[in-house]
Amino acid sequence: MSEQNAASIVRAEGITKSFGDFRALDGISFNIPPGSIVGLIGPNGAGKTTTLKALLGLTDFEGELEVLGSDPRKNRQELMQRVCFISDVGVLPKWLKVADAVDFLEAIHPRFNRDRAIELLATTDIRKGSKVKQLSKGMVTQLHLALVMAIDVELLVLDEPTIGLDILYRKEFYDRLLNDYFDHETSIIISTHQVEEIESLLTHLLFIDRGRIVLDSAMDDLADQYREVLVVPECVEQANDLCPISSRELLGKKRMIFEHVDVDLLRPLGELHVPSVADLFVAKMQRG
Amino acid sequence: MNTLALKQLPMLIKREYWEHRTTFLYLPAVVTAVSVAVLILGSALMQTGMVMVTINNHENVRIHTETESSGSLLDLFGARLVGLADSSFGHRERVLNDLYFGSSTILVSTLWFVMFFYLLDCLYQDRKDRSVLFWKSLPISDWMTVVSKLLTGLLVIPVVYLLFIVLSNVSMLLISSMVALGQPIDIWDTLWAPAHLIPRWIDMIGYILFSSIWCLPFTGWLLLVSSWAKSAPLAWVVGVPFFFLLMEKIFSRDDSLWEFMSTHILARYTTDHGITGDLYSLEVVVALVIGVGFVTAAVWRRGHADEI
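As given, the protein sequences belong to chains W and B, one line each in that order. Going letter by letter, the first sequence gives residues 1 to 288 in our numbering. Going letter by letter, the second sequence gives residues 1 to 308 in our numbering.
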């Protein structure tokens, strides 16, 4: 990310984490400015969860990391008053009753707003007397989101929050997050490998592959750095000389994505677009 | 301890109750109900036998039961109480202790197993079902988590079981008293006075409090295994001490390790020195130090806990 200001919500510098011989994180560095929605995107096993666990102080690592100005490995209790996370679906304990969960958070979390939680739950089909094990997977996620949305934190971390949910729940989840929660003061980090769904929410992109950051950009800057060209047939050779990061044939047309190539050089080759995050993702991952 | 922690602790203990309602509440309720029923029925049916014992010990006791033994259960029980009323005070104390409060023994044994499995499971199960990721997303310190579980195991569960012991004692005596209403018996003198209920219960409170320190090496060890094991906590909890005992057996003529382990896994009230003598005894200090060491290690492990 381009902003290197001191007010970063997260500042990571050379984070490395190994499990035996396997390097899960290989010296990753990035910054997250306040008020951003960051997509941490990578294929399965790329190091997304390990990165997020490092941010939350749930795992040891080498390197320098500051979350809200302090080392997450120390004073986790204080950090967790300002950071919330939903890791995957289905981590709410099965025996917990919905009403009890609200009571529990009210006593445990100084920034939990009971009325807000009840208001949010009222918009779902979740009954207060139900136990988590009686709810469908989608409803458990709704419950978890409602509880988390009632906590006023500075950073919300979502690790594959919608994995295993059907499209209706997935869509509702992100709509709700954006409409009812995001207020440009809280930052959100979402990890996923389902790029298309969150593309429109994001202000920042972080691509991660095999423990390395392969792309780090604000969404607004994406157009300056990446261009997709629908290359006209007679210019294909010329286009190839400019070293596209991806090239594929679609409906008889060559689509090429270029990185850091002057727009003036690309314009004569064909129609210009900003590549979709999904296409960019595929391009970046293929290059490895 | 800050104010947030003080607000959190009761809720964390409540949380343990929500999760373990069955073994904290329903199990002792069922055990109490069944054992009271069995003991009442037993004391009625064992009537003849009991009276025979009475006769052997106290020659001057009147024999007036044989002819009544063909009556209803209620009659049998009534006659049994009359027999009890006619025996000596010391005998009544023994009968009440052995027969009437047998339910206490059953509840105390149940309690031992409930505590054992609770402590062994409490820092393990949530890692296994991944809910640790939810608990860790909350501003609760690792100390707070472990202490809430330790307090639940060492004080809350025993106190709940004590309440059921009180309930079973009182209901045994109440049922007997109701039966005795139809008999020419001084109920207080026959049943309630020799029962020594209040001293009995105060003893049990002392028992719980003293044991919470006395057994800390054992309960702390359970917590440590619970926080550490990636699988089969039961095997670790038994296996590691077994290994050390085996080493002791092979390489040493001493059996102090065995001595220490075997005495500290069971609750007790006092040793030979009385309660104050015990609290300041070297053995209690050693138990406390070892126990606190294990608990501290469990807190440290909890800090690194992850899904398994």
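All C-beta atoms in this analysis are idealised placements derived from N, C-alpha and C, irrespective of residue type, glycine included.
- Contact note: Q81(W) reaches chain B through P139, using a C-beta cutoff of 7 Å and chain order.
- One thing to note: G90(B) has its Cβ no nearer than 8 Å to the Cβ of V179(B).
- At a cut-off of 8 Å between beta-carbon atoms, E16(B) makes no contact with chain W.
- Check the Cα spacing between I9(W) and each of D159(W), I32(W) and H144(W): the tightest is with I32(W).
- Residue state for D221(W) is assigned as helix, using DSSP reduced to three classes.
- When the five nearest sequence neighbours on each side are left out, the beta carbons in the same chain lying within less than 6 Å of the beta carbon of V157(W) are those of L52, F85 and I189, in order along the chain.
- Within a 10 Å sphere around the beta-carbon of M247(B) sit fewer than 16 other beta-carbons, which makes this residue exposed.
- Against chain W, a Cβ distance below 9 Å from R130(B) picks out S87, D88, G90 and V91.
- In the same chain as A239(W), and ignoring 5 residues on each side of it, the C-beta atoms closer than 6 Å to its own belong to V231, M256 and L269, in chain order.
- Among the CB atoms of chain B, one or more fall inside 8 Å of the CB of Q77(W).
- The bridge partners DSSP lists for S247(W) are M256(W).
- Proximity of the segment 96-111 of chain B to the segment 114-130 of chain W falls short of the contact definition, fewer than three beta-carbon pairs being nearer than 8 Å.
- Inclusion of E16(B) and L133(B) in the CB contact set at 8 Å is not warranted, their separation being larger than that value.
- For H204(W), the enclosing beta strand (DSSP E) has its first and last residue at H204 to D209.
- If you check the CB distance, S226(B) and L119(B) come in under 8 Å.
- In the structure shown, the three-state DSSP call for D216(W) is strand.
- Identification of residues in the segment 85-110 of chain B having a C-beta nearer than 8 Å to some C-beta of chain W yields an empty set.
- In the DSSP annotation of this structure, the continuous segment of the alpha helix (DSSP H) that includes T3(B) starts and ends at T3 to R21.
- The C-alpha of K149(B) lies about 27 Å from the C-alpha of F244(B).
- Using a CB distance cut-off of 8 Å, I188(W) does not count as an interface residue toward chain B.
- Neighbourhood of D306(B) in chain W, by CB distance below 9 Å: K53, L58 and T59, in chain order.
- Taking a Cβ-Cβ cut-off of 7 Å, the neighbours of F104(W) in chain B comprise M11 and R15, given in sequence order.
- In this structure, the CA atom of S137(B) is about 22 Å from the CA atom of T296(B).
- With 16 or more neighbouring CB atoms inside 10 Å of its own CB, A101(W) falls in the buried class.
- Taking 8 Å as the upper bound for CB-CB distance, T22(B) and L107(B) are not in contact here, some 16 Å apart.
- Just so you know, the alpha carbons of K230(B) and V236(W) end up roughly 57 Å apart.
- In the structure shown, R23(W) adopts extended strand secondary structure according to DSSP, grouped into three states.
- For P72(W), not one C-beta of chain B is nearer than 8 Å to its own C-beta.
- DSSP places E271(W) within a strand segment (E or B) once states are collapsed to three.
- Linking P110(W) to I151(W) through their CA atoms gives a straight-line distance of about 9 Å.
- Under the DSSP definition of a beta bridge, S87(W) partners with D159(W).
- Interface with chain W (8 Å Cβ-Cβ cutoff): E259(B) is excluded.
- For G138(W), the uninterrupted alpha helix (DSSP H) run begins and ends at K137 to M149, by DSSP.
- Judged by beta-carbon spacing, W135(B) lies beyond the 8 Å limit of V299(B), meaning their Cβ atoms are not closer than that value.
- Contact check between the segment 284-295 of chain B and the segment 208-224 of chain B: three or more CB pairs, one atom from each, fall below 8 Å, which counts as touching.
- Proximity to D262(W) across E228(W), S18(W), L79(W) and V277(W) peaks at E228(W), based on C-alpha coordinates.
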